[in-house]
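Read the structure below first, then the notes.
In the numbering used here, the protein residues as written are -7 to 60.
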């Protein structure tokens, strides 16, 4: 399975969506929405904002590796 590096992240505060390229060497714990400026963090139990709010899980999870 090929790892996807782009994910559409949806702000849980305002619903704004944006396609972003995910980092491959680390998890992204904070993300600032460009629309409402809210800084979002992952839901409890998720390793990064892409696992909580993205259309595609982070590369580590896609490869079935331990997350960050």
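Glycine is no exception: its CB is placed at the ideal position from the N, C-alpha and C atoms.
DSSP-derived helix/strand/coil call for residue i
{"i": "residue 44", "result": "helix"}
{"i": "residue 29", "result": "coil"}
Residue i and residue j closer than 8 Å at C-beta
{"i": "residue -3", "j": "residue 34", "result": "no"}
{"i": "residue -1", "j": "residue 47", "result": "yes"}
{"i": "residue 3", "j": "residue 19", "result": "no"}
{"i": "residue 26", "j": "residue 10", "result": "yes"}
Per DSSP, cross-strand counterpart(s) of residue i
{"i": "residue 53", "result": "According to DSSP, which records beta bridges pairwise, residue 53 is partnered with nothing at all."}
{"i": "residue 24", "result": "31"}
{"i": "residue -1", "result": "12"}
Residue i: CB within 7 Å of a non-hydrogen atom of the ligand ADP
{"i": "residue 48", "result": "Inclusion of the ligand ADP in the displayed structure is not the case, the ligand content being empty and no account of it being possible."}
Cβ-Cβ separation, residue j to residue i (assumed contact under 8 Å), whole Å
{"i": "residue 31", "j": "residue 21", "result": "Contact doesn't hold; Cβ gap of about 10 Å is too wide."}
Residue closest to residue i, alpha-carbon to alpha-carbon, out of the options
{"i": "residue 5", "options": "17, 57, 45, 12", "result": "45"}
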